[in-house]
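The next block holds one structure in the form of structure tokens; read it before the comments.
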Amino acid sequence: MHSENQKFLETIGDLTEFEPGFVDFFSQPEAFVQKRLVITKDDGSLLIVRGYRCLHSSLCGPGKGGLRFAEDVNADEVCALAEQMTLKTALLELPFGGAKGGISVNPKKLSARERQRVARAWTRAFNQHIGPERDIPAPDMGNGPEEMGWILDEYETINGHSSPAVVTGKPLPLGGLNVREGATARGAAAVVKEMSDHLNLAPSSATVAVQGAGKVGSAIAKRLAEEGFKIIAIADSSGMALSEDGLNVDETFAAKKENGHLGKQKDEESDKPERILEISCDMLVLAAGAGQVTCDNAESIGAKVILELSNGGVELKALKKLDSQGIHVIPGILANSGGVLASYFEWLSGQTGRESLPKDLEKELDKKMAFTASKVYRLSQRHGHNLTQAAYALSLKRLQKCYSLRLGSQ
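Heads up: the sequence shown runs through residues 13 to 422, numbered per our numbering.
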């Protein structure tokens, strides 16, 4: 566990009492493996990259977490994200632990055949470390259902048997589920709806700024717009589209696709994308990477509520400043956990058959996310803590219960 997280745990001591040894146990990943991967490119040259997998905890079940393709991915990042997955699955009370993987490659520089070789090479290297009852990968940054299909095929080829639950986020014909697409944004919207009355986020009047225009950022912008929220700004590294009267979200993204950047659209003013953090609005959505809100810039945040969809979008040590300014943070371990909940449905289908699934998966996802959001809010109010502290406390309470049942009597 990073020192920042350890210090944060000290602030929730009155919410959950830690047993001797638990914090030390939780602070160390259960397993971490890195391997060199050698891939033959289309031109015959060799591409050498690093592959990673961290299983942070299997206290509550097999590891669950994405596999990202990113040139700058490293061991520290993978382990930190695996810890976040442990907290997410525990908060939702899913039968999973937390894990994360990565491959240090830029997928945009690879052909489809080369991406397939990368995915299969990682699967061969980590075959003994993954499995439907051990550690279940899923799509993450830089990949999607296609790569999961290749991993599934390679795993089944190596092990000689069908294993549809070894990965989630698969193509539909290979056992994927429709609910997995857009589940992160859907789950986040359900959380916002549940907390709207408490946080003064009435869709008919609330204004929203969205940082990030990738899969998650674009999906949440569209969903919130559909529910009546006024999206006044959308920014990414290419620029910012801004309109006090509200953006037409579909037209904004269509213009970006055509022009290659956000901003400079008719009746809208262009501005520096980093200024989106300072825009006066009811809610700021963070969907553009870690470390966006820090102690250094916390005082300049213009929103009343921050919806943290990027992992670590708000530094934990910045929460005290945000609290003093009356800014509520809906934490990432709650806000962006819709994806892992949808993955649970797919995993369950692969393990026991589709007949075991709820009839309306989208309704079930909304219901579970809203229920968890309600628990977090009630705990925060009961003890006078912020939402992040309450969410962590609920997660750690479940993890500690599993710890006690497994190891407490030794």
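Note that the Cβ used here is the ideal one computed from N, Cα and C, for glycine as well.
Going by DSSP in three states, methionine 153 sits in which element: helix, strand or coil?
coil
Please go through the same chain and pick out, in chain order, the residues whose beta-carbon is closer than 7 Å to the beta-carbon of alanine 379, but skip the five residues on each side of it.
According to the sequence displayed, residue 379 carries lysine and not alanine. Nothing listed; no residue qualifies.
Have a look at the DSSP bridge pairing and note the partners of alanine 247.
Alanine 247 is bridged to Gln223, Met252.
Could you tell me whether the region 310-318 touches the region 329-340, where touching means 3 or more Cβ pairs closer than 8 Å?
yes
Can you give me the C-alpha to C-alpha distance between alanine 202 and isoleucine 339, rounded to a whole angstrom?
20 Å
Leucine 408 and phenylalanine 108 closer than 9 Å at C-beta
no
May I ask which residues mark the beginning and end of the alpha helix (DSSP H) holding serine 174?
No alpha helix (DSSP H) holds serine 174; DSSP gives it neither H nor E.
Pull up the distance between the alpha-carbon of glutamine 277 and that of alanine 200, whole angstroms please.
Only weak support is given to the placement of glutamine 277: the predicted model assigns it a pLDDT of 48, under 50, and the question is left unresolved by the model.
Given that a residue counts as buried once 16 or more other Cβ atoms are within 10 Å of its Cβ, and exposed if not, what is lysine 268?
buried
Between the C-alpha atoms of valine 130 and isoleucine 51, what's the straight-line distance to the nearest angstrom?
6 Å
Taking one C-beta from the region 90-104 and one from the region 156-174 each time, how about it: are there three or more such pairs within less than 8 Å?
no
Does the distance from the CB of lysine 120 to the CB of proline 157 come in under 9 Å?
no
Candidates Cys293, Val261, Glu286, Ala137: which alpha carbon is nearest glutamine 304's?
Glu286
In the structure shown, what three-state DSSP assignment does glutamate 281 receive?
Low local confidence applies: a pLDDT of 49 at glutamate 281 is under 50, so the model's placement there is unreliable, with the coordinate-based value given in what follows. In this structure, glutamate 281 counts as strand in the three-state DSSP scheme.
If I measure Cβ to Cβ from arginine 65 and keep anything under 6 Å in the same chain, skipping five residues before and after, which residues do I get?
If we look at arginine 65 and ignore the five residues flanking it on each side, its Cβ neighbours are Val45, Gly113, Phe138, His141.
To the nearest angstrom, how far is it from the Cα of cysteine 293 to the Cα of alanine 221?
7 Å
Contact under 9 Å by Cβ, glycine 229 with valine 179
Contact: no.
Could you tell me which of Leu49, Ala102, Gly187, Ala302 sits nearest to proline 330, measuring between CA atoms?
Correcting the residue identity first, residue 330 is alanine in this sequence and not proline. For the residues Leu49, Ala102, Gly187, Ala302, the minimum Cα distance to alanine 330 belongs to Ala302.
Span separating the alpha-carbon of leucine 236 from that of alanine 218
10 Å
For the beta strand (DSSP E) that contains serine 69, what are its first and last residues?
58-69
Identify the residues that DSSP records as bridge partners of arginine 80: which are they?
Gly114
Roughly how many angstroms lie between the CA atoms of tyrosine 404 and leucine 71, to the nearest whole one?
16 Å
Taking aspartate 248 as the reference, which of Glu193, Leu289, Pro215 has the closest Cα?
Leu289
Once the 5 residues before and after leucine 353 are set aside, which same chain residues still bring their CB inside 8 Å of it?
Leu104, Leu106, Ala195, Gly199, Leu377, Lys380, Met381
So aspartate 147 packs on alanine 111, CB below 8 Å; how close in whole Å?
5 Å
Buried or exposed, going by whether 16 or more other CB atoms sit within 10 Å of the CB of proline 149?
buried
Which residue comes first and which comes last in the beta strand (DSSP E) that contains glutamate 239?
That residue, glutamate 239, is in no beta strand (DSSP E); it is neither H nor E in DSSP.
Give every residue of the same chain whose Cβ lies closer than 6 Å to the Cβ of serine 361, excluding the five residues on either side of it in the sequence, and list them in chain order.
Only residues of its own chain outside the window of five on either side were considered, and among them Leu369 have a CB closer than 6 Å to the CB of serine 361, listed in chain order.
Go to leucine 360, then tell me how far its alpha helix (DSSP H) extends in each direction, as first and last residue.
Looking at the DSSP string, the run of the alpha helix (DSSP H) that includes leucine 360 is 350-364.
Where leucine 213 and isoleucine 318 are concerned, what is the direct C-alpha to C-alpha distance, given to the nearest angstrom?
11 Å
Coil, strand or helix - leucine 296 by DSSP:
strand
Nearest residue (CA-CA) to glycine 187, options Leu411, Tyr389, Arg366
Arg366
Given leucine 59, which residues of its chain have a CB within under 6 Å of its CB, disregarding the five upstream and five downstream residues?
Ile51, Lys53
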